[in-house]
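**Student:** The sequence shown begins at 22 in this note's numbering and counts up by one. Note that the Cβ used here is the ideal one computed from N, Cα and C, for glycine as well. A quick note: this is a predicted structure, and the numbers were derived from the prediction, not measured. Let me begin by handing over the structure; questions about it come next.
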Amino acid sequence: MGLGCSGHDVRCVFGFSAISGILIQEEASTQRMGSRKPNTTEAMRQVIAEIRTRIPFDLPQARLCMGNCQGCSMKLLQFLDGELEAWERRLDGGERPGFEELSDLVRTARKVHRVLERNGLTGDQAPPPAGRS
22 MGLGCSGHDV RCVFGFSAIS GILIQEEAST QRMGSRKPNT TEAMRQVIAE IRTRIPFDLP
82 QARLCMGNCQ GCSMKLLQFL DGELEAWERR LDGGERPGFE ELSDLVRTAR KVHRVLERNG
142 LTGDQAPPPA GRS
């Protein structure tokens, strides 16, 4: 599925265990305390922090829009940033996300990351040759 993660593994954002410590800790607590649910709020905050670390939101517009692209990097970054800000507001307001919302955000971030990679904007890959789309 790309970047070393399965589609349903919320513990792994970009091939790194972003929140595995939290989920493992919660799993151990659940076993000790009975039916306590994992803290998805903290997991979502960790996922958001990992996404902000791994995705280059601070690239200048001139670099985002140079040459041929496979998807508009600028629009995708704006969309993802808006999603992250919306979740931060929701979390601050006391909303508790479910695993589906966690998974959806991770999936969206992965897709944006793949497009940025194809466009040579992540540092993980060289820019595509000119003339190829």
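Under 6 Å Cβ to Cβ from valine 133, same chain only, skipping five residues before and after it: list those, please.
**Tutor:** Leu97 and Leu101
**Student:** Excluding the five sequence neighbours on either side, which residues of its own chain have a C-beta within less than 8 Å of the C-beta of glutamine 82, listed in chain order?
**Tutor:** Met95
**Student:** When DSSP labels each residue in this structure, what does methionine 87 get in the three-state scheme?
**Tutor:** Looking at methionine 87 - three-state DSSP - the assignment turns out to be coil, as it is neither helix nor strand.
**Student:** Quick check: what's the CA-CA separation for arginine 75 versus isoleucine 69?
**Tutor:** For arginine 75 and isoleucine 69, the distance between alpha carbons rounds to 10 Å.
**Student:** When we look at the beta-carbon of glutamate 116 and count the other beta-carbons within 10 Å, is it buried (16 or more) or exposed?
**Tutor:** For glutamate 116, the number of other beta carbons within 10 angstroms of its own is below 16, and it is reported as exposed.
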